[in-house]
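Below is one structure, written out as structure tokens; comments come after it.
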Amino acid sequence: MIVGVIDLGSNTIRLSIYSYDENSFKLLTNKKTMAGIISYIENGRLNKEGEDKICKVLNSYRELLENFDVHDVRCFSTASLRNITNRDEVLEKVFKRTGIKVDVLSGQEEADLDFIGTKLFIDIGDGIVIDIGGGSTELVTFEDDKVIAAESINIGSLSMFNKHTQGLIPTKKERSEIQDDVIEHLDKIKDRSIVDDKHKVAIGVGGTIRATLRLVNAYKGLEFKEFSTGDVRELLDQIKASDKASLSRILKICPDRIHTIIPGMTVLYTILRKLDIKMVIVSKYGVREGYLYHNIIKGE
Numbered sequence: 042m043i044v045g046v047i048d049l050g051s052n053t054i055r056l057s058i059y060s061y062d063e064n065s066f067k068l069l070t071n072k073k074t075m076a077g078i079i080s081y082i083e084n085g086r087l088n089k090e091g092e093d094k095i096c097k098v099l100n101s102y103r104e105l106l107e108n109f110d111v112h113d114v115r116c117f118s119t120a121s122l123r124n125i126t127n128r129d130e131v132l133e134k135v136f137k138r139t140g141i142k143v144d145v146l147s148g149q150e151e152a153d154l155d156f157i158g159t160k161l162f163i164d165i166g167d168g169i170v171i172d173i174g175g176g177s178t179e180l181v182t183f184e185d186d187k188v189i190a191a192e193s194i195n196i197g198s199l200s201m202f203n204k205h206t207q208g209l210i211p212t213k214k215e216r217s218e219i220q221d222d223v224i225e226h227l228d229k230i231k232d233r234s235i236v237d238d239k240h241k242v243a244i245g246v247g248g249t250i251r252a253t254l255r256l257v258n259a260y261k262g263l264e265f266k267e268f269s270t271g272d273v274r275e276l277l278d279q280i281k282a283s284d285k286a287s288l289s290r291i292l293k294i295c296p297d298r299i300h301t302i303i304p305g306m307t308v309l310y311t312i313l314r315k316l317d318i319k320m321v322i323v324s325k326y327g328v329r330e331g332y333l334y335h336n337i338i339k340g341e
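Residues 42 to 341, numbered by the numbering used here, are exactly what the sequence shown covers, in order.
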């Protein structure tokens, strides 16, 4: 069987087409659109321009799927639509204009699906999953292959760029403001085991962490699937707001994240330091694969 899964995120909207049976799946192709939906939220409401952007992208994906003769389409949204006050109105209009129903995940559901997705790729019994998206960050601790605690905080690469950054790359002062914002949110997490339990290694999920790995490998001439907290610190030290060489390097490696990668890396580094994590193993699977496996293949 073949299905198209659309991940309507705060920064990007992604279409992944999978073939699957009751025991396994395979990614056939994927497409990504940088949409920045969170930037269209005003006073807690998604504006008409944001709605139009979503509909334009979803209709283009629907046409692509029809060309591939794929008629099973599933779409889910995370922080991009989760917290807006006009969510029901937007969902109804998007459905009328595209024929696609959007399943809005709660922060808890997103965190759980992150865990399910990573466990399909990495066999680690105990640890913590970190997923930094455009509008939120999910933290999931697990032991003996079971979720112990999960938290979603309203901190993301694009939201921090919009809130704190004036230029393409944040200044030292702006990075400090981002760090303070992250720490404030971490200090408010009710289940203190997420912050206080010591995990030397984290499983990293999401575009910010994958882009960080690409930058680390490019700077060091490596092809690793992991990086250290020290690697992130070194990158942040090397990339200056006024340095054209830094901009050029980012443009070569992750051009679609030129404005969000440093805010995202600042969020990541602050979390790693706060949680005393030394190493991040990057998973190629995350919430999309968790959604596919849990909601579609297993139908739970």
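All residues carry an ideal CB built from backbone N, CA and C; glycine is no exception.
How many Å lie between residue i and residue j at the Cα?
i	j	result
Y260	H112	43 angstroms
G247	G327	7 angstroms
L106	R314	43 angstroms
I338	Y61	7 angstroms
E225	V181	18 angstroms
H300	K67	32 angstroms
G85	L292	32 angstroms
S65	R329	14 angstroms
S324	D155	10 angstroms
F117	I244	23 angstroms
T206	V114	37 angstroms
V145	V135	13 angstroms
F183	G158	13 angstroms
L263	V257	8 angstroms
N127	K229	26 angstroms
Quick check on DSSP: helix, strand or coil for residue i?
i	result
G158	helix
T311	helix
N71	strand
D185	coil
Y332	helix
L146	coil
Y59	strand
F109	coil
Per DSSP, residue i is paired with what?
i	result
D380	Residue coverage of the chain in this structure runs from 42 to 341, which leaves residue 380 outside it and unanswerable.
C96	DSSP output for C96 lists no bridge partner at all.
L49	I54, S118
F268	V321
I337	According to DSSP, which records beta bridges pairwise, I337 is partnered with nothing at all.
E83	R86
S193	E179
Please determine, among the options, the residue with the shortest C-alpha to C-alpha distance to residue i.
i	options	result
G271	R86, T126, V321	V321
D237	A190, L199, L254, M306	A190
F202	K187, D228, Q220	Q220
K319	D172, L309, G305, S269	S269
D278	K213, D172, R251, G305	K213
E6	T307, K266, F265	The shown model of the chain, from 42 to 341, leaves out residue 6, and the question about it has no answer.
A286	R255, I210, L254	I210
D232	A252, L132, E192	E192
What do you get for residue i, buried or exposed, if any count of 16 or more other CB atoms within 10 angstroms of its CB means buried?
i	result
S147	exposed
S177	buried
G208	exposed
G175	buried
T70	exposed
N52	buried
K187	exposed
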